[in-house]
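A short worksheet on the structure shown next.
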Amino acid sequence: MALRAYDSTIRPIEMGRRLLGVVDAQVAEDTRSIPHAYSVILHPDDRAAFADVERDLVRELAEVVTQHSERESYRLSEPVVVVLRENGEAKRGSITVVPSLVTAPTPVQPRTDADEAVTIQPIAASMATPIVGAITAAVSTPDGVRHLLDNERVTIGRQAGCTIVIRDTNVSREHAQLRRRPNGWTLRDLGSTNGTKLNGVRIEDEQLLADGDVIMLGAIKVTFEIS
Numbered sequence: 000m001a002l003r004a005y006d007s008t009i010r011p012i013e014m015g016r017r018l019l020g021v022v023d024a025q026v027a028e029d030t031r032s033i034p035h036a037y038s039v040i041l042h043p044d045d046r047a048a049f050a051d052v053e054r055d056l057v058r059e060l061a062e063v064v065t066q067h068s069e070r071e072s073y074r075l076s077e078p079v080v081v082v083l084r085e086n087g088e089a090k091r092g093s094i095t096v097v098p099s100l101v102t103a104p105t106p107v108q109p110r111t112d113a114d115e116a117v118t119i120q121p122i123a124a125s126m127a128t129p130i131v132g133a134i135t136a137a138v139s140t141p142d143g144v145r146h147l148l149d150n151e152r153v154t155i156g157r158q159a160g161c162t163i164v165i166r167d168t169n170v171s172r173e174h175a176q177l178r179r180r181p182n183g184w185t186l187r188d189l190g191s192t193n194g195t196k197l198n199g200v201r202i203e204d205e206q207l208l209a210d211g212d213v214i215m216l217g218a219i220k221v222t223f224e225i226s
């Protein structure tokens, strides 16, 4: 996650690493199932440092767990939920991750030292949910196949776990991601080796797509279409 500097010794990448460590430790060997909900507990000052981007941060952390689970073939009973909680007794600069099958009331919880369990709609519930009543969108790959975008989040890459698999050495295992936003579909590079270009321009951030846009995954051409 490439987020800006904060008034905290904690960095988002540290949260991600700690989170994945807990995820791996929770694997049930008989079923390879893991909890779907995780609380990241911080000192109030550390949580306050992320106040402006907390909603985006927890979504990114949920995606990190989702993608890791796909790579490791872990089983999730529900879409991943990550929330930040604060504890006045926590040491400043420390990160504690607590797995749970309980979710929370909003992506950004009210600030409280209480650690009681509450119930919410998972923030990432749409990740694997078919889009109902949406404008039909698709991408066409070099093999002539037109892939209908019927999920909120679509990954493109070389590995079998991606939504759209392109078996070419120019394409990274997880190369790029398409997401349906309220204002349309967007494209984001997932740290690929050969980069992602939109209409000839290499992208660094999430970009809104338009009908007929040409996406280059390394040397592989993909066309975005709206019908």
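Going left to right, the sequence shown walks through residues 0 to 226 as numbering that gives the first Met the number 0 numbers them.
All residues carry an ideal CB built from backbone N, CA and C; glycine is no exception.
Under DSSP, M215 forms a beta bridge with K196 and K220.
As the crow flies, the alpha-carbon of Q66 is around 32 Å from that of E88. Taking the CA atoms as reference points, V39 sits about 14 Å from V63. In terms of Cα proximity to E69, the closest of D23, R54, L147 and T95 is D23.
Between the alpha carbons of P11 and T168 lies a distance of about 30 Å. When the beta-carbon positions are compared, T222 and S93 stay at least 8 Å from each other. Distance from the Cα of L197 is smallest, within the candidate group G211, R178, S191 and M215, for M215.
Boundaries of the alpha helix (DSSP H) harbouring R58: E53 to E71, taken from the DSSP string. The beta carbon of R180 lies closer than 8 Å to those of L207 in the same chain, with the five residues before and after it left out. G183 and N150 have their C-alpha atoms spaced approximately 13 Å apart.
Ranking P98, D44, R172 and T135 by CA distance to the CA of V82 puts P98 first.
Note that the C-beta distance between T195 and A175 is below 8 Å. Rounded to whole angstroms, L18 and V164 show a C-alpha spacing of 27 Å. In the structure shown, L19 falls within a helical segment according to DSSP collapsed to helix, strand and coil. Residue pairing for V153: DSSP places it in a beta bridge opposite L177. Excluding residues up to 5 positions away in sequence, V22, V26, R31, S32, I33 and H67 lie with their Cβ nearer than 8 Å to the Cβ of Y73 in the same chain. Here A136 is buried. Its C-beta has 16 or more other C-beta atoms within 10 Å. Straight through space, the alpha carbons of R178 and V57 are spaced by roughly 16 Å. Distance check between G160 and each of L75, D204, E71 and R145 places E71 closest, using alpha-carbon atoms only. For D45, the enclosing alpha helix (DSSP H) stretches over residues P43 to A47. Residue pairing by DSSP places T135 in no beta bridge whatsoever.
One Cα belongs to S191, the other to G199, and the distance between them is close to 16 Å.
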